Amino acid sequence: MFKQVTIIGLGLIGSSLARVIGQHKLATKLIGADISLRVCEKALALGIVDEVTPQISDSVKNSDLVIICVPVGAYESVGQAIQGNLQEGAIITDVGSVKAEAIKALKPFLSSNIAFIPGHPIAGTEHSGPEAGFVELFTGRWTILTPVRQDEADIEKLRSFWEVAGAKVEVMTPEHHDMVLAITSHLPHLIAYTIVGTATSLETELQSEVIKYSASGFRDFTRIAASDPTMWRDIMLTNKEALLDILQRFSEDLSEMQKAIRRDKSEFLFDYFSKTRDIRRQVIAAGQAAQPQASSYAPEPQAGEQALESQSYQDQPGKAKQA
Ligand code: NAP
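Okay, so the sequence shown: first residue is 0 according to numbering that gives the first Met the number 0, each after it adds one.
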């Protein structure tokens with residue numbers, strides 16, 4: 000499919016893509032680049048790349064596909080590094096969880112003869128690093144493409160690439176992507192981080208009981224709140240506008256709920272919880288709920304524990320979720 004592919008950032012997502020490229024022979028040569036020498040050495044030892052380098056600028060020379068898989072906050076430095084070294088006609092894409100700011104950070108460094116097609120696989124786990132990647136990560140999940148220029152042949156080539164990885168592909172504007180992800184992913188993470196944060200600020204005795212009785216709901220939030228702090232800091236700050244908008248709506252709904260409880264509005268609460276239960280059924284029907292046969296976003300429940308019902312991403316035994 001490609002002569003030479005460069006993956007910049009060999010963590011969970013980058014190393015999973017490297018495994019996909021290797022397994023399906025999607026490139027004659029696969030170059031891995033990462034700022035961390037340890038990560039470079041590990042990727043080579045795992046045999047998931049043909050060559051590896053910590054020199055980001057050189058890594059893209061002669062590649063017809065470049066995939067950026069670093070936290071969104073590092074995009075500008077990657078753009079600066081690869082500027083001028085990209086091959087004419089190359090496709091450059093990414094996997095960042097926020098699209099408008101990602102485009103803003105990278106676009107100034109890309110000349111008009113480069114096909115810039117940002118992307119975001121809605122698949123992941125709370126684990127990081129090249130050891131955490133696995134080839135089935137994208138199977139049955141959505142990948143959203145937000146092309147900067149409407150270059151149909153290149154978009155179709157990238158779509159085929161993701162389909163070989165097992166993903167379903169949708170094209171939309173970066174702004175629409177960011178709004179959808181603010182509600183489906185970024186707000187749930189913000190809530191999880193906050194709930195777990197509230198619990199950790201409780202007095203010691205109560206805190207140990209929170210851990211002890213965590214299977215009653217809290218545990219599912221701890222899994223989400225265990226996600227990579229760098230990545231999530233970058234997501235919250237780079238999708239600020241959409242996230243604050245959704246947060247405002249959420250706060251209003253929360254106040255409504257508070258009022259209903261205070262005023263014993265039993266019917267209101269019952270109807271509300273019935274509606275949300277229906278959403279869960281729709282998620283299952285859409286094949287986006289737990290997938291016991293795959294690997295995951297969250298640690299697998301221990302024997303005797305209840306199934307994780309509130310995972311916001313994919314649930315795969317042994318591994319974990321997505322952003
Ligand atoms: P990860 O496992 O932490 O891997 C990121 C890798 O990029 C690390 O090895 C990191 O090195 C390296 N890196 C950081 N800055 C760099 C730079 N300037 N140049 C080259 N390499 C650099 O992260 P990930 O989970 O794969 O996430 C990568 C991207 O995928 C993010 O943009 C995220 O938003 C997106 N994404 C993540 C998920 C998910 O669930 N994890 C899902 C969908 C999309 P150091 O460790 O030394 O910093």
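Beta carbons: idealized from backbone N, C-alpha and C, even for Gly. Predicted, not measured: the structure shown is a model, and the values here were computed from it.
Check your understanding: Out of curiosity, what's the CA-to-CA distance linking E255 and H188?
Key -> Cα to Cα, E255 sits roughly 22 Å from H188.
**Study point:** N112 classed as buried or exposed, judged by whether at least 16 other C-beta atoms fall within 10 angstroms
**Key:** Result: exposed.
Check your understanding: Would you say the beta carbon of D344 comes nearer than 8 Å to a heavy atom of the ligand NAP?
Key -> Outside the displayed span of the chain (0 to 322) sits residue 344, for which this structure offers no information.
Review point. Within 10 angstroms of its Cβ, does M218 collect 16 or more other Cβ (buried), or is it exposed?
Key: Note that residue 218 corresponds to Arg in the displayed sequence, not to Met. Under the 10 Å beta carbon count, R218 is surrounded by 16 or more other beta carbons and is classified as buried.
Practice item. If I'm right that S96 touches I234 with Cβ under 8 Å, what's the distance once you round it to whole angstroms? Key: Contact holds; Cβ gap of about 5 Å.
Point to revise | Status (buried if at least 16 other CB within 10 Å, exposed otherwise) for N238 | key: By the 16-neighbour rule on beta-carbons within 10 angstroms, N238 is buried.
Practice item. Taking C68 as the reference, give the member of E87, G128, Q86 with the closest Cα. Key: Ranked by Cα distance from C68, the options E87, G128, Q86 are led by G128.
Point to revise | Alpha carbon of T138 to alpha carbon of T203, nearest angstrom | key: In a straight line, the C-alpha of T138 is about 43 Å away from that of T203.
Check your understanding: What residues in its chain sit with their C-beta under 8 Å from that of L186, if we drop five residues either side in the sequence?
Key -> Excluding sequence neighbours, L186 sits near L242, I245, L246, F249.
**Study point:** Below-9 Å beta-carbon distance, G128 vs any chain D residue
**Key:** Within the model displayed, chain D is absent; a lone protein chain is all it includes.
**Study point:** Integer Cβ distance of V48 from I66, believed to fall under 8 Å
**Key:** Between I66 and V48 the Cβ distance is about 12 Å, and since that is not below 8 Å, they are no contact.
Check your understanding: First and last residue of the beta strand (DSSP E) that includes E50?
Key -> Residues 50-52.
Exercise for review: Take I6 as the anchor and find which of E87, I91, R261 has the nearest alpha-carbon.
Suggested key: Taking only the C-alpha atoms, the option nearest I6 is I91.
Check your understanding: Since E266 is in the alpha helix (DSSP H), which residue starts that stretch and which ends it?
Key -> Under the DSSP assignment, E266 falls in the alpha helix (DSSP H) whose first and last residues are 265-284.
Review point. From V19, T27, G72, pick the residue whose C-alpha is nearest to that of L236; which is it?
Key: The shortest C-alpha to C-alpha distance from L236 to any of V19, T27, G72 is the one to G72.
Review point. Buried or exposed: L11, going by 16 or more other Cβ atoms within 10 Å of its Cβ?
Key: Taking a 10 Å sphere around the C-beta of L11, we find 16 or more other C-beta atoms and assign the residue as buried.
Check your understanding: Just to confirm, are P173 and P117 a CB contact at a threshold of 9 Å?
Key -> Note that the C-beta distance between P173 and P117 is below 9 Å.
Check your understanding: Leaving out the 5 sequence neighbours to the left and right, which residues in its chain are closer than 8 Å to A198 when beta-carbon positions are compared?
Key -> Within the same chain, A198 has close Cβ partners Q206, V209, F217.
Review point. By the 10 Å Cβ neighbour count, where 16 or more other Cβ atoms means buried, how is R280 classified, buried or exposed?
Key: Under this definition R280 is an exposed residue.
Check your understanding: Can you give, in chain order, each stretch of the alpha helix (DSSP H) that sits fully within the stretch 46-96 and has at least 4 residues?
Key -> Fully enclosed alpha helix (DSSP H) runs of no fewer than 4 residues occupy 55-58, 74-81 of the stretch 46-96, in order along the chain.
Practice item. Express the C-alpha separation of S213 and I154 in angstroms, rounding to a whole number. Key: If I take the Cα positions, the gap works out to 45 Å.
Check your understanding: Ordered along the chain, which non-local residues of its own chain (more than five positions away) have a Cβ less than 6 Å from that of H175?
Key -> None.
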